[in-house]
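Beneath this line is the structure, given in structure tokens, with notes to follow.
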Amino acid sequence: MGRRGIKEYRASEALQLILADRDQVDIPCPSCGHKTIERTPKRRLPKNRWTVPRQVTLKCKKCSRQAMYVPGKVTQPSDIELVGG
Ligand SMILES: [Zn+2]
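Heads up: the sequence shown begins at 51 in my numbering, then just goes up one per residue.
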């Protein structure tokens, strides 16, 4: 179920992207195989690695599917406040 025209990945595809991003690995789009995934915000320099963005959006440039996640929730689920709504 997409909302308002936003194409979303299936859960398993989103998970692949999210885990790869968390590990700072670039993978092609799990849906269409396109190599360019647009990341918002852009990945920071290593010296700023402790600055964790509130939310990361990963969007394929070709099929426009997107996945969003909150980095803190992936690495330390109990440590970061939950994002409501
Ligand atoms: Zn794609």
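Using N, Cα and C, we set each Cβ at its ideal position, and we do this for glycine too.
Residue i versus residue j: straight-line alpha-carbon distance, rounded
i, j, result
"M118", "D73", "15 Å"
"D76", "A70", "7 Å"
"Y59", "P91", "19 Å"
"K111", "Q66", "17 Å"
Environment of residue i [buried if 16+ CB atoms lie within 10 Å]
i, result
"I87", "buried"
"P80", "buried"
"Q105", "exposed"
"A61", "exposed"
beta-carbon residue i near ligand 1 non-hydrogen atom, thresh 7 Å
i, result
"S81", "yes"
"K85", "no"
"R115", "yes"
"K92", "no"
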